[in-house]
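Asker: To convert, count from 1 in the sequence shown and add 219; that's this note's numbering.
Take a look at the following structure, please.
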Amino acid sequence: MQEKEMVNDALSTLNNSITEYGAIIAQCDNQELRKSIQQLRDADEKFQYDLYKIAVQKGYYKPAVQATQQEIQQVRAQLSEE
């Protein structure tokens, strides 16, 4: 497996883990366990972002085009209507 594939696979795995942590945290009643899972999620989010920056730098990942201010305002307006 080439480095690019390994990095993209790791990013995908981390993204899935972060999503799963969120679902677990939302349903967790035990505050001590909840805090532990939040710490795991926070650490994975930091690692994911660090790896993401490396992937972009090496050209392994191309981020989406930045939203314009107008697009951001449109989304805000739509969300505030609901």
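Using N, Cα and C, we set each Cβ at its ideal position, and we do this for glycine too.
Because the structure is a prediction, the values reported are computed rather than measured.
1. Within 10 angstroms of the Cβ of Ile242, are there 16 or more other Cβ atoms? Answer buried if so, exposed if not.
2. I need the straight-line Cα distance from Gln221 to Tyr279, nearest angstrom please.
3. Looking only at its own chain, which residues have a Cβ that is under 7 Å from the Cβ of Gln257, when we skip the five neighbours before and after it?
4. Could you pull the start and end residues of the alpha helix (DSSP H) that Val284 belongs to?
5. Mark Tyr268 as exposed unless 16 or more other C-beta atoms lie within 10 angstroms of its C-beta, in which case mark it buried.
6. Just mark Ala274 as buried or exposed, buried being the case when its beta carbon has 16 or more other beta carbons within 10 Å.
7. Using the three-state DSSP reduction, which class does Gly241 fall into: helix, strand or coil?
8. Quick check: what's the CA-CA separation for Thr287 versus Val294?
Answerer: According to the structure data:
1. According to the sequence provided, residue 242 is Ala. The question's Ile does not apply to it. By the neighbour-count rule (16 or more Cβ atoms within 10 Å), Ala242 is not buried but exposed.
2. If you take the alpha carbons of Gln221 and Tyr279, they lie about 11 Å apart.
3. Closer than 7 Å at Cβ, skipping near neighbours: Ile244.
4. That residue, Val284, is in no alpha helix (DSSP H); it is neither H nor E in DSSP.
5. Burial call: exposed.
6. With at least 16 other beta carbons inside 10 angstroms of its own, Ala274 counts as buried.
7. The answer is helix: DSSP assigns Gly241 an H, G or I state.
8. When rounded, the distance between both Cα atoms is 11 Å.
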